[in-house]
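Student:
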Amino acid sequence: MRKAVLVSPLAATFAASRAEAHAFEIGADYYSQFLEGASVVFTYPSLLLPTLALGILLSLWRLDGLLRVWPLFLIGLAAGLVLGAFVGPAVSTVLTAVGVVTAALAAVLGRHVWAEAAVLALATGLLVTSVSLEGHGLFELGVFIYLGILFAANIALAWSAAMVRLALEQIDQPWVRIGGRVAASWIGAILVLMLAFAIANP
Numbered sequence: 008m009r010k011a012v013l014v015s016p017l018a019a020t021f022a023a024s025r026a027e028a029h030a031f032e033i034g035a036d037y038y039s040q041f042l043e044g045a046s047v048v049f050t051y052p053s054l055l056l057p058t059l060a061l062g063i064l065l066s067l068w069r070l071d072g073l074l075r076v077w078p079l080f081l082i083g084l085a086a087g088l089v090l091g092a093f094v095g096p097a098v099s100t101v102l103t104a105v106g107v108v109t110a111a112l113a114a115v116l117g118r119h120v121w122a123e124a125a126v127l128a129l130a131t132g133l134l135v136t137s138v139s140l141e142g143h144g145l146f147e148l149g150v151f152i153y154l155g156i157l158f159a160a161n162i163a164l165a166w167s168a169a170m171v172r173l174a175l176e177q178i179d180q181p182w183v184r185i186g187g188r189v190a191a192s193w194i195g196a197i198l199v200l201m202l203a204f205a206i207a208n209p
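Just so we're aligned, residue 8 is where the sequence shown starts under the working numbering, counting upward by one.
Printed below as a string of structure tokens:
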């Protein structure tokens, strides 16, 4: 019962954030536009958490895992700039589901393969920009809003991958890799709650 009391406000908070996720200020200066775009990724769990989970998985796969599939992530981001004009609100639920899969694979599997990393990188990139721009027409926003979104998505991915890689390089102990998998499991648990709430409250 206590868990339900704690989880319900958390899930409600995450779900409530979706309503304002795509509200950009029209006519703002370039710097403000850039910050608005970046804040979408950094402040909304449905965008940030799947990206962080991907970074963890990539460095658990290989220390240079991010560099090996980063081009696919960038291609996905670019394609999402277009796709975002044609999708509906359900795309946010799809991204959350992809995040659950990514976090689960990072937490459960001891080894990963290139195809797994490549598909998840492409799908996550595509969905992050699609969700960020859902509800807006094709390229109707200021260019610096798009740049802010792209910048933040790449920083979030690079940061999580770098933290895991740095830990693995600096501390040669089995528990470090386990710690990365535990971090992925926590992200996955949060995303499962968000996914359940989104499905129950479409």
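Ideal placement from N, C-alpha and C gives every residue a C-beta, glycine not left out. Model, not experiment: these values are computed from the prediction.
#1: Among the residues of its own chain, which have a CB less than 6 Å from the CB of ALA125, if the five just before and after it don't count?
#2: Which of helix, strand or coil does DSSP assign to ARG118?
#3: Ignoring anything shorter than 4 residues, give me the alpha helix (DSSP H) runs that lie fully in the stretch 118-167, in order along the chain.
#4: In whole angstroms, what is the alpha-carbon distance linking HIS119 and ALA85?
#5: Looking at the structure shown, is ARG172 part of a helix, part of a strand, or coil, going by DSSP?
#6: Taking the straight line between their C-alpha atoms, what separation do you get for LEU198 and VAL107?
#7: Once you ignore the five residues that flank ALA196 on each side, which residues in its own chain have a CB closer than 7 Å to its CB?
#8: When the Cα atoms are used, what is the spatial distance from LEU164 to LEU65?
#9: Whole angstroms is fine: what's the gap from ALA174's alpha carbon to GLY144's?
#10: Inspect the beta-carbon positions of ALA102 and PRO57 and report whether they are closer than 8 Å.
#11: Rounded to the nearest angstrom, how far is the Cβ of PHE49 from that of ALA159, given a contact under 8 Å?
#12: Given that a residue counts as buried once 16 or more other Cβ atoms are within 10 Å of its Cβ, and exposed if not, what is LEU134?
#13: Check for me: the alpha helix (DSSP H) holding GLY72 runs from which residue to which?
Tutor: On the basis of the supplied data:
#1: Start at 1 with the first residue of the sequence shown, and residue 125 comes out as number 118. By the criterion of a C-beta distance shorter than 6 Å, ALA125 is surrounded in its chain by VAL76 and LEU79, once the five residues flanking it on both sides are discounted.
#2: By one-based count along the sequence shown, residue 118 stands at place 111. Coil at ARG118, not helix or strand.
#3: With a minimum length of 4 residues, the continuous alpha helix (DSSP H) runs that stay inside the stretch 118-167 are 121-140.
#4: Mapped onto the sequence shown, residue 119 falls at position 112. Mapped onto the sequence shown, residue 85 falls at position 78. In a straight line, the C-alpha of HIS119 is about 26 Å away from that of ALA85.
#5: Residue 172 sits at position 165 when you count from the first residue of the sequence shown. Looking at ARG172 - three-state DSSP - the assignment turns out to be helix.
#6: Position 191 of the sequence shown, counted from the start, is the residue given in the question as residue 198. Position 100 of the sequence shown, counted from the start, is the residue given in the question as residue 107. LEU198 and VAL107 have their C-alpha atoms roughly 6 Å apart.
#7: Locating residue 196 in the sequence shown gives position 189, where the first residue counts as 1. Answer for ALA196: no residue qualifies.
#8: The residue you call residue 164 lines up with position 157 of the sequence shown. The residue you call residue 65 lines up with position 58 of the sequence shown. So the two alpha carbons sit approximately 9 Å from each other.
#9: By one-based count along the sequence shown, residue 174 stands at place 167. By one-based count along the sequence shown, residue 144 stands at place 137. Whole-angstrom Cα-Cα distance: 42 Å.
#10: The count along the sequence shown starts at 1 and reaches residue 102 at position 95. The count along the sequence shown starts at 1 and reaches residue 57 at position 50. This sequence places Leu at residue 102; Ala is not what is there. Yes, these two residues count as a Cβ contact at 8 Å.
#11: Here residue 49 refers to the residue found at position 42 when the sequence shown is read from its first residue. Here residue 159 refers to the residue found at position 152 when the sequence shown is read from its first residue. Confirmed, about 5 Å.
#12: Here residue 134 corresponds to residue number 127 of the sequence shown, with the count starting at 1. Counting Cβ neighbours within 10 Å, LEU134 comes out buried, since at least 16 surround it.
#13: Here the question's residue 72 lines up with position 65 in the sequence shown. Looking at the DSSP string, the run of the alpha helix (DSSP H) that includes GLY72 is 72-90.
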